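Residue numbers for the sequence shown follow this note's numbering, beginning at 188 and rising by one.
Just so it is clear, CB atoms sit at the ideal spot from N, CA and C, and this is done for glycine as well.
Small disclaimer: the values here were computed from a predicted structure and weren't measured.
Each remark here refers to the structure printed beneath this line.
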Amino acid sequence: MIRRARKDRGSDMNRLSISDRFLIPTYIDPNQMVSGLLEFSDSKCKRCGVCTYICPARSIVMDKASGKEKPLPRLNDIVPGVSACIACGCCVAACPEGAISIKRGFYATKFYTRLHQTKTLSAPKKY
188 MIRRARKDRG SDMNRLSISD RFLIPTYIDP NQMVSGLLEF SDSKCKRCGV CTYICPARSI
248 VMDKASGKEK PLPRLNDIVP GVSACIACGC CVAACPEGAI SIKRGFYATK FYTRLHQTKT
308 LSAPKKY
């Protein structure tokens, strides 16, 4: 079984070019990382701020500088076009008004893979 795992890992490496094998990932490069994208409903949001506290990446902020007394939450960009959002859904689950929706999931390009996902997703097993 160990040989099979090594063989599979080696076949993935064979698909990469020489330059890709030595590439160091850059998380702030939009060509290498596609961050999550959220949409906040202005009509549903009560501006309670729960999403800003629950976000594990601390990527959701409420702009006090916008001049509004209670501003709409938004994603804070690290660099233009890239936020720290990983589209985990914690904010969606925590929002009491259902005002948040995920428009785009986190996706790493090149040879990065998500270890916890398979090509076909299924419901968790009941124990």
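Proximity winner among Cys282, Tyr294, Glu256, Ile289, relative to Tyr240 (alpha-carbon distances): If we check each option's Cα against that of Tyr240, Cys282 comes out closest.
Close beta carbons around Gly197, own chain, < 7 Å, minus the five adjacent residues each side: Its pLDDT being 47, under 50, Gly197 is placed unreliably in this model, and the coordinates cannot settle the point.
Cβ neighbour criterion (16 or more within 10 Å) applied to Pro260: Of the other Cβ atoms in all chains shown, 16 or more fall within 10 Å of the Cβ of Pro260; this residue is therefore buried.
Alpha-carbon to alpha-carbon, Glu256 and Phe293: One C-alpha to the other measures close to 31 Å.
CA-to-CA distance, Val266 to Leu225, given in whole angstroms: The straight-line gap separating the alpha-carbon atoms of Leu225 and Val266 is approximately 17 Å.
7 Å CB neighbourhood of Gly285 in its chain, flanking five on each side removed: Lys231.
Under 7 Å between C-beta atoms of Ala274 and Ala244: By the CB criterion at 7 Å, Ala274 and Ala244 fall outside the cutoff.
Presumed contact (8 Å Cβ cut-off) between Val248 and Asn263, rounded CB distance: Contact between Val248 and Asn263 holds: CB atoms are separated by about 4 Å, below the 8 Å threshold.
Close Cβ partners of Gly236 (< 8 Å) along its chain, the five nearest in sequence each way excluded: Contacts found: Met249, Pro260.
Opposing strand residues paired with Phe227 [DSSP bridges]: For Phe227, which the question treats as bridged, DSSP gives the partners Ile287.
Gly223 classed as buried or exposed, judged by whether at least 16 other C-beta atoms fall within 10 angstroms: Of the residues assessed, Gly223 falls on the buried side of the cut-off, its CB having 16 or more other CB atoms within 10 angstroms.
Residue burial classification, Ile205 (beta-carbon count within 10 angstroms, cutoff 16): Around the C-beta of Ile205, fewer than 16 other C-beta atoms lie within 10 Å, and the residue is accordingly described as exposed.
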